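Colleague: For reference, the structure I am asking about is given below.
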Amino acid sequence: MSASSLLFENKYFRSKKRRFPFFVTGALSAFLLTGVLVLNLRLTSIFQNTYRGASLPNGALSVSEREGSVEELQKFLSEEKFVRAFECYERVLVHHVEGSSGNVLPFAYFAVPVSEGEQPPKGEIHRNFACGSFASGEEVSFQAGGGKSKGRIAEIIPDPINGAPELMTAYLYGNKEELQELKGEGEGEFYLILWLDHPEADESQILKDYHRYFGKDFAGSITSFQTIMHNYLYSYRLMGNYMVYLLCFLLAFVCLLILLLMNMELRTDQETIRTLKILGFTGAQIRLNYLRMYGKITAAGALLGGGGMTILLRKWLNRMFDGAGGIRISWISMLLPALFALGIVLLLHTLLLLIALHRISSLPLTETEHEKTRFRVHHLCFRKCGASPRLLPFSLGMRDMAGRRSETVFILVVAVLCTVVLLSGIFVLNGVFKREDHLAEWGFVHADIYVARKKEVTEEQAGLLAYLNRDTDVDYVYSGLTDMVSYQLEGEDAIRQVSADVYYRGFPEKETYAFFEGGNPTSTDEIAVGINFAKRNHLRIGSVLHLLQKGEKKSYTVTGIYPSYRNQANSVRFFVEDIFSYFDSRMTGYYTIVLKDPRSQGRVIQDLSKKYPEFDFYPMTRSTSRTVNKMIPPVILSVCMVLLLYRMVLHFLVRRMDQDLEQNRDIQFVLGFTKRQIRRQRKVRFHLPELMGTLLALALSGVLVAWVLRPLANELGLMQIPYQPSLIGILATAAGILLAGTPGRIRRRRLDR
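Numbering (my numbering), first residue to last: 112 to 864.
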C-alpha cells in the first residue's frame, strides 16, 4: 500500500463526520436528477407504450348528423389508412345517476352501439365521472324513459370525449335492444371511438381529410376530433413539467452547495496537501485518493436517493393513473433514467471535486502569505470596531465571516434557497387549505340542485327563473350548455373546432361566479378562454376570436383567461342574453341552483317539485377538487426536503465552528475573553450571513410577488394574491429561518466542556 493510501486510510480522513455531508449531497442530487429525467425524458414514451400495449382507443370523433350520414363516415374510416379500428355509438341522455354509496350526479350519457349486437352491456363508467364519486363494482340507478333502471359499474376507463361539465358527465355502455326505449332523447347525437396507428398525427390535418372527403355539408356536422392520449394526459404532463422546473431549480442550488462544501472540506486539508506535495506526491496521486475517498460514500448516497425517487415516482404515477384503462408504470421503464441519473451524479461530484482541488492547489504556499491576503481587505474596515471592548466580539465575528468566504457564501445560499422554497410552500398550502374560497374565485360552482327540463317545456313559459329570483333560499343560478363551435383566429384562414361553454347571467343581484376578476366578459362581444387554449393558440387579453355557430360568424374579444378544469386543450366561454334560444328538445342545456345554506336542499327540492311539476329537481353533492388535494403531498415533501437540508447544513457549520473554537479557545482565554464574548462572536459570525441571505431572499420574493405573481395570477384569473397575506408569509418565513438557524445546545455543550 502506498504512503498516500496509508495517509488517507487513517482515522481522521475516514471519519463519518467528514464523509456524511457527501453522502447527503449525493443522495439529494440523485433524488432530484432522477425526478427530472423520469418526468421530462421518459414520461411521454411510457404513456404511449402503455396505451399501445393495452390496446386502448386514442381518438374520438363527435358527430351531429344533419346533412351527412354516419354510415358514410364509418365507410370512410374503414378505408382510412391510419384508422386501425373504430366503434360507433349513439348518445342517450339519462338523469339522476345514483350509486349504492349514496353519491348522486344529475345526468349522464348512455353509449348505445349503432350496429346490432356490436357490444354487450359493459357497465363501464368513464374516469371523470367516477373521480371521487363511484368505484368499480358499484351499483348505480338512473332515470330514463319515464322509468328507473339499474346497472353495475364493471370498470373505469378514460373519457373518449368530453361532453357536459366534468363532475356531471359519464358515458355508460349498454346493449341496443335493451336500451331501445331510451333513444327518443338522444337521436342524432353520435360519437366514434378510434384506434389510430399514428396518434401523434396533427389534428388539423385529420380534419382537413374529413373536409376534403365529405365536403362542406357533412364536415359541418363533425363537431370535434380529439386524440385521447394527448387530451387525457395533458394536465398530468403539464403538472410533470412544473415539477421538472422546480427540481431543476433545486438541483442547481444543490450543485452550488456541493462545490462550496468541497471547497470548505479541502481548505481544512490545505496543510496536508502542501505536505504531500513536499514529500513528492504528484497532483494526480492526490486527486485519485480524494476521488476514491469521497466516491464510495457519494455512490452510496446516490443509490439511496435515486432509488427513493424511483419508488416515490412510480407509486405517484400509478396512483395518478389508477383506473385509467389499466395504465401501470413498470420498474423497467423507470430503471434506465435512474441509472443514467446515478452516472451523472458521480460525474458531477467528480468534476466539482476536481474544481475544488484545483482551487486549493492554487492557494499561497505558506500560511504567512495566506494570512496577508486574508486580512488585507478587512483591516481598515474593522479597526475602529476592534478598538472598543464592547464591539470587539462583533469585530472578530465580522472578520471571521469575511475571512471564511466559502462558509459565508454557503450560509447565504442556503438561506436564500430555504426562504424561497418555504415561502412558495406557504403560498401553495394556503391555496390548498383555502381551496373552497379559491375554487369559487376560479368559477368552480358548487351546485346544490340540478334542474332537468322535460320535453317541450321552457323555463320562461313556466316562470321558474322568475320565482328563483325572488326565492330567499337561492344564492344564484348557474345556467349554461356545452356546445361544439368552429373558430377562426385573427389573421388565419384555418377553421378549427372547439368546445364552448355558453353561460347565462340573468340575475344582476344574484350574479354567478362563472367568470373571473381581472378581465371578465361584460357583454356578448367578449369571451373568456382557457389557459391551455390560450397557450396553444398564443392568445392574450385583447386577442380577437371569430366563432362560427348556427351558420353565423361573430367576432369576440378575449377579456378573460381561466383555468381549464376539462377539455384541457380546447375550451372557451361566452355568455348570451337569451340562453334558451340555444336549448333544444334533446335537453342539451342545463342549469343548477346554488343555495345560501346547503342544508336546506331537501326542503327546497320538495317546494320546487310541488310548484313546478314540469321540471325534475335532482340533489347534487358538493365536492372539492381532487387535483388540488393532490398538490399537498409534493409540497409537504419539498418543504421537508428543504428543512432536512437546512438542518444538515447547520450541523455541518456548527461542527466546523467548534473546530475553529478548539484551536483559538486557549488563546482567547489567555487574552481575557469570557465565554459570553466568545458566544457573541460566534453568533455574529454565524447569523450575520444567514440574516443577509434571508433578507436577500425576502427582497427577491417581494419583487416576485409584487411584479410577477400578482399581475400574472390576476390576469389569468387564478386567484387574487393580496399584499397582506404575502407580507405575513414573508415575515413568518424569516422568523422560521432565523429560529431554525440557532445552534444553541451544540454550541453550549461544546463550549462548556
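Every residue, glycine too, gets a C-beta built ideally from N, C-alpha and C. All values reported here derive from a predicted model rather than from experimental measurement.
Three Cβ pairs or more, each shorter than 8 Å: is that satisfied between the segment 404 to 424 and the segment 130 to 147?
Modeller: Yes: at least three Cβ pairs fall under 8 Å.
Colleague: Just to confirm my understanding: we take Arg398, look at its own chain, exclude 5 residues before and 5 after, and list those with CB closer than 6 Å. What are they?
Modeller: Cβ within range, chain order: Leu468.
Colleague: Tell me the DSSP secondary structure of Pro730 in three-state form.
Modeller: In the structure shown, Pro730 sits in a strand (DSSP, three-state: E or B).
Colleague: Ala141: which of Gly416, Lys407, Gln381 and Leu184 sits nearest, CA to CA?
Modeller: Here the closest residue by C-alpha is Gly416.
Colleague: Over the uninterrupted alpha helix (DSSP H) stretch that includes Val181, give me the two end residues.
Modeller: Val181 -> alpha helix (DSSP H) spans Val181 to Glu190.
Colleague: Please determine, among Phe686, Glu603 and Ala611, the residue with the shortest C-alpha to C-alpha distance to His649.
Modeller: Nearest of Phe686, Glu603 and Ala611 to His649, Cα basis: Glu603.
Colleague: Go ahead and label Gly391 buried or exposed: buried means 16 or more other beta carbons lie within 10 angstroms of its beta carbon, across all protein chains shown.
Modeller: Its Cβ having fewer than 16 others within 10 Å, Gly391 is exposed.
Colleague: Using only the heavy atoms of the ligand FMN, determine whether one of them is closer than 6 Å to the beta carbon of Gly713.
Modeller: The ligand FMN is not part of the structure shown, which contains no ligands of any sort.
Colleague: Relative to the alpha-carbon of Ile672, which residue among Lys186, Arg684 and Val456 has its alpha-carbon at the smallest distance?
Modeller: When each option's Cα is compared against that of Ile672, the closest is Arg684.
Colleague: Identify whether Ser696 lies in helix, strand or coil by the three-state DSSP scheme.
Modeller: Annotation note: pLDDT 38 at Ser696 (below 50); position unreliable, coordinate value reported separately. Correct three-state label for Ser696: coil.
Colleague: DSSP state of Gly391, grouped into three classes?
Modeller: In the structure shown, Gly391 sits in coil (DSSP, three-state: anything other than H, G, I, E or B).
Colleague: At the level of alpha carbons, what is the spacing between Ala452 and Lys388?
Modeller: Spanning the two alpha carbons is a distance of roughly 35 Å.
Colleague: Enumerate in chain order the residues of its own chain whose CB-to-CB distance from Tyr405 is below 6 Å, with the five nearest sequence positions on each side excluded.
Modeller: Answer for Tyr405: Phe133, listed in chain order.
Colleague: Give the secondary structure of Asp586 by DSSP, where H, G and I count as helix, E and B as strand, and everything else as coil.
Modeller: Of the three classes helix, strand and coil, the one that applies to Asp586 here is strand, per DSSP.
Colleague: Rank Ala138, Arg787 and Ala810 by C-alpha distance to the C-alpha of Leu459 and give the top, closest one.
Modeller: Of the candidates Ala138, Arg787 and Ala810, the one whose C-alpha sits nearest the C-alpha of Leu459 is Ala138.
Colleague: According to the Cβ coordinates, are Ser720 and Asp584 closer than 7 Å?
Modeller: No, the pair does not count as a contact, with Cβ atoms beyond the cut-off.
Colleague: Apart from the five residues on each side of it in sequence, which residues of its chain come closer than 6 Å, Cβ to Cβ, to Ala605?
Modeller: Here the set comprises nothing.
Colleague: Can you tell me whether DSSP reads Tyr624 as helix, strand or coil?
Modeller: For Tyr624, the pLDDT reaches just 35, beneath the cut-off of 50, and the residue's location in the model is therefore unreliable, although a value from the coordinates is still provided. Reduced to three states, the DSSP call for Tyr624 is coil.
Colleague: Mapping DSSP to helix, strand and coil, what is Gly412?
Modeller: Residue state, collapsed to three classes: helix.
Colleague: Could you give the DSSP three-state label for Ser711: helix, strand or coil?
Modeller: Helix.
Colleague: Label Ala196 either buried or exposed according to how many other C-beta atoms from any shown protein chain fall within 10 Å of its C-beta, with 16 as the threshold for buried.
Modeller: Classification for Ala196: exposed.
Colleague: Looking only at C-alpha atoms, which of Leu305, Leu600 and Leu807 sits nearest to Leu188?
Modeller: Among Leu305, Leu600 and Leu807, the Cα nearest to that of Leu188 is on Leu305.
Colleague: Which residue from Lys407, Glu249, Val715 and Thr670 puts its Cα closest to that of Val456?
Modeller: For Val456, the nearest C-alpha among the options comes from Lys407.
Colleague: Please look up how many angstroms separate the CB atoms of Val251 and Glu190, rounded, as I've assumed it's under 8 Å.
Modeller: Not really, about 38 Å apart at Cβ, beyond 8 Å.
Colleague: Return the chain-ordered list of same chain residues with a C-beta closer than 6 Å to the C-beta of Leu748, the five sequence neighbours on each side being excluded.
Modeller: For Leu748, where only same-chain residues beyond five positions count, there are no Cβ hits under 6 Å.
Colleague: Between Thr421 and Met445, which are expected to be in contact by the criterion C-beta below 8 Å, what is the C-beta distance as a whole number of angstroms?
Modeller: Correct: roughly 5 Å between the Cβ atoms.
Colleague: Going straight from the alpha carbon of Val613 to that of Val687, what length do you get?
Modeller: Cα to Cα, the separation comes out at about 7 Å.
Colleague: Can you grab the Cα-Cα spacing for the pair Ala312 / Leu424, in whole Å?
Modeller: With a pLDDT of 46 at Ala312, under the threshold of 50, the predicted position of this residue should be treated as unreliable, though the coordinate-derived value follows. Approximately 29 Å between the Cα atoms of the pair.
Colleague: Which residues share a DSSP beta bridge with Gly419?
Modeller: Answer is none; Gly419 lacks a bridge partner.
Colleague: Measuring only the C-alpha atoms, how far is Ser654 from Thr668?
Modeller: The straight-line gap from Cα to Cα measures roughly 6 Å.
Colleague: What is the rounded straight-line gap between the Cα of Ile716 and the Cα of Tyr587?
Modeller: Near 15 Å, if we compare the C-alpha coordinates of Tyr587 and Ile716.
Colleague: Using the Cβ count rule (16 or more neighbours within 10 Å means buried), how would you classify Ala395?
Modeller: Counting Cβ neighbours within 10 Å, Ala395 comes out exposed, since fewer than 16 surround it.
Colleague: Would you mind reading off the limits of the alpha helix (DSSP H) that contains Ala577?
Modeller: Counting along the chain, the alpha helix (DSSP H) containing Ala577 begins and ends at Leu575 to Arg581.
Colleague: Measure the alpha-carbon distance for Cys359 versus Arg607 and round it to whole angstroms.
Modeller: If you take the alpha carbons of Cys359 and Arg607, they lie about 36 Å apart.
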